[in-house]
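In UniProt numbering, the protein residues as written are 1 to 331.
Ideal Cβ placement from N, Cα and C applies to all residues, glycine included.
Nothing here was measured: the structure is a model prediction, and the numbers come from that model.
Here the structure is laid out as structure tokens; the discussion comes afterwards.
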């Protein structure tokens, strides 16, 4: 039964519809319901809901190249009706499972077409709050049971989805108005902690993911804010938002790298031309160090503010082949 869940989770996490695995679970549930932890039964019930959700959304995407907001709202209403029926015990673990499933539903709001989402701002804010609650709950479980340290890959992918939504929203024009700059930095600090805690060895996927997000946040001041909080690649199904966010982060970092390289080349050419001009004029030019036009005239061009960024790791070694991302299984 749980092998089926892992197969379906892996499929959706890699951007594919869940495989249809037909089985009669009645006998199995009767055998294990008194021996398994109640949270596992919650996971099982919610997985059946998630399978129906992703299968239905796949059909919508194939037909309409997106998902109408009303369809997502219908599924969210069904989830709210199902929630009290599947919670057998109220624990942090069951709350995390519930939040993961809830975010799976709400993430489809980002796949709605622009002319089919009159309540987009409200819905994206709710998805942001769900993502924040998911990260907070994950950190709580790490402090009490080290869940993230020993988690499975699909939990990490759910955490990554939440982190991408949080950071992308904070860098957009739709950032929640009550979030100050210091609050945003605190949220990002939480994001980096939760991702790095998932790491099991040097340079694995959680580490590389945290480096990309941290580097993006460190250069955000020289990047324009995005018009939408989070976009999506509809054909990636359950991984639509993460693929979009990671592609945007990668593109933004590439633009920063290009602009930094271009600026440095411009400075080198300017200094060379200035030196040649001074030589051609002899020594007749005398500069007055006491003149100040209202700005600090001292610029240390030898210091590159981005010199500590490992661009090759971020852009080439992060799992990008050609122009397409392959942010898939653990590396």
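Of the other Cβ atoms in all chains shown, fewer than 16 fall within 10 Å of the Cβ of residue 89; this residue is therefore exposed.
Uninterrupted alpha helix (DSSP H) stretches at least 4 residues long and entirely within the region 128–175 occur at 153–170, given in chain order. Pairing residue 187 with residue 139, the inter-Cα distance amounts to about 12 Å. Assignment of beta-bridge partners to residue 233 by DSSP yields no partner.
Residue burial annotation: residue 163 is buried, with at least 16 other C-beta atoms found within 10 angstroms of its C-beta. Under the 10 Å beta carbon count, residue 206 is surrounded by 16 or more other beta carbons and is classified as buried.
Separation of residue 74 and residue 61 (C-alpha to C-alpha, rounded to the nearest whole angstrom) is 16 Å. Just so you know, the alpha carbons of residue 56 and residue 183 end up roughly 37 Å apart. Distance between residue 99 and residue 224, taken at the CA atoms: about 31 Å.
If you draw a straight line from the Cα of residue 135 to the Cα of residue 107, it is about 15 Å long.
With contacts defined by Cβ atoms closer than 7 Å, residue 69 and residue 105 do not form a contacting pair. For the 7 Å CB-CB criterion, residue 49 and residue 82 form a contact. Between residue 245 and residue 230 a beta carbon distance of about 6 Å is seen, short of the 8 Å cut, so the two are scored as contacting.
Contact check for residue 46 against residue 10 fails: the beta carbons are separated by 7 Å or more. At a Cβ-Cβ threshold of 7 Å, residue 195 and residue 218 do not count as neighbours.
In this structure, the CA atom of residue 251 is about 30 Å from the CA atom of residue 8.
If you draw a 10 Å sphere on the C-beta of residue 132, you find 16 or more other C-beta atoms in it, and that means buried. Note on geometry: alpha-carbon atoms of residue 115 and residue 153 lie some 36 Å from one another. The beta carbons of residue 128 and residue 91 sit no closer together than 7 Å. Of the residues 160, 243, 221, 220, the one whose Cα lies closest to the Cα of residue 197 is 160.
Per DSSP, the beta bridge partners of residue 226 are 172.
Exposed is the label assigned to residue 3, since fewer than 16 other Cβ atoms lie within 10 Å of its Cβ. With respect to residue 39, residue 112 sits apart: the two C-beta atoms are not nearer than 7 Å.
Per DSSP, residue 193 is one residue of the alpha helix (DSSP H) stretching across 181–197.
Residue 143 is classed as exposed because its beta carbon has fewer than 16 other beta carbons within 10 Å across all chains shown. Excluding sequence positions up to five before and after residue 241, its CB lies within less than 7 Å of the CB of 107, 110, 161, 164, 165, 230, 232, all in the same chain and listed in chain order. Going by DSSP, residue 70 is part of the alpha helix (DSSP H) stretching over 69–86.
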